[in-house]
Amino acid sequence: MLNPPAFSFPLETATVPVGDRVWQIRSLRSRDIFFATHTTAQRDLYGFVLWESAIGLSERLVAQPTLVRGKRVLELGAGVGLPGIVAQHLGGDVAQTDYQVDSLTLCAWNGLQNGIKTANFQGDWQQWHHAQRYDLIIAADILYDEALHFYIERILHRNLTPTGQLLLADPGRPQALDFMLHLEAHGWHIEIDTAHVVPQRSGDPNPLTPSHDGFVEVTLYLAQKHR
169 MLNPPAFSFP LETATVPVGD RVWQIRSLRS RDIFFATHTT AQRDLYGFVL WESAIGLSER
229 LVAQPTLVRG KRVLELGAGV GLPGIVAQHL GGDVAQTDYQ VDSLTLCAWN GLQNGIKTAN
289 FQGDWQQWHH AQRYDLIIAA DILYDEALHF YIERILHRNL TPTGQLLLAD PGRPQALDFM
349 LHLEAHGWHI EIDTAHVVPQ RSGDPNPLTP SHDGFVEVTL YLAQKHR
């Protein structure tokens, strides 16, 4: 068994059933740690939380494996890495990227702990130099800051193939819907679906993930630019 990377905050391994496998994903032990910190520290810890949107995104990939099988896949804001790891398992050629180098270290460890190896690289959306084209870009919980939407859209234009698709998961934030409506107004076809995910911590004070009959409702956006 691989030794997990060490950080200054407590982590634990969550058992996450998705598709035909039960995944072992190491992440922040308690969201209380995340919500108790000040804003700057929250940004540093954001990528260490296993958010329900990542699980909803992973479940969608399992339900529609043709999205990734034999495809080049880029995961933005990979965090602890579950969706990209699942995509690689389903036959995708996956590159995972995050701004936080420590998050990428944990992401890579989570993959190897589950017998999955993906490519990964550190990436700053505002100073983005990666030029590889992908058939699919996936991401969970990346649309929370409207100031970053311009840079995310620029990455979509730069890194998607002409027939490429975008699959995003978000816990119902209005700014996420605004971003997708913006894409639609600029020639993208948008499909919207929802998933209901078992909460990772039923007692967590998480205002970003509304409850629906005991589940967390995750919005899934599948987008493709009109040719």
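All letters in the sequence shown, in the order written, are residues 169 to 395 by our numbering. Just so you know, even glycine gets a beta-carbon here, dropped at the ideal spot from N, CA and C. None of the values given here were measured: they were computed from a predicted structure.
Quick one: what's residue i bridged to in DSSP?
i: Glu359; result: Leu390
i: Leu196; result: Leu179
i: Phe216; result: Phe216 is not bridged to any residue.
i: His317; result: Paired residue(s): none; His317 is not in a bridge.
i: Val366; result: According to DSSP, Val366 bridges with nothing at all.
i: Arg322; result: Its beta-bridge partners do not exist; DSSP assigns none.
Quick one: grab the DSSP three-state call for residue i.
i: Gly332; result: strand
i: Leu179; result: strand
i: Ala337; result: strand
i: Asn171; result: coil
i: His354; result: coil
i: Pro342; result: helix
i: Asp372; result: In this predicted model, Asp372 has a pLDDT of only 46, less than 50, meaning its place in the structure is not dependable enough to derive any value.
Do you know whose CA, among the options, lies nearest residue i's CA?
i: His350; options: Thr362, Ala391, Gln333 and Gln264; result: Ala391
i: Asp266; options: Ala307, Lys239, Gln281 and Gly260; result: Ala307
i: Gly260; options: His298, Asp303, Val269 and Leu244; result: Asp303
i: Ser195; options: Gln281, Arg189 and Met348; result: Gln281
i: Tyr312; options: Asp338, Arg326, Pro367 and Gln300; result: Asp338
i: Leu334; options: Glu314, Ala353 and Glu359; result: Glu359
i: Val366; options: Ile223, Gln192 and Gln264; result: Ile223
i: Met348; options: Tyr389, Lys239 and Ala182; result: Tyr389
i: Ser176; options: Ile193, Asp188, Gln192 and Leu213; result: Leu213
i: His354; options: His394, Pro330 and Thr387; result: His394
Cβ contact check for the region 250-259 and the region 226-236: 3 or more pairs under 8 angstroms: yes
Stretch pair the region 318-326 + the region 224-231: three plus CB contacts closer than 8 angstroms: no
Inter-stretch contact at 8 angstroms, needing at least 3 Cβ pairs: the region 241-248 / the region 211-222: yes
Within the region 219-307, ranges of the beta strand (DSSP E) (whole runs, at least 3 residues): 240-244, 261-266 and 287-290
Contact the region 276-288 vs the region 329-344: 3+ CB pairs below 8 angstroms: no
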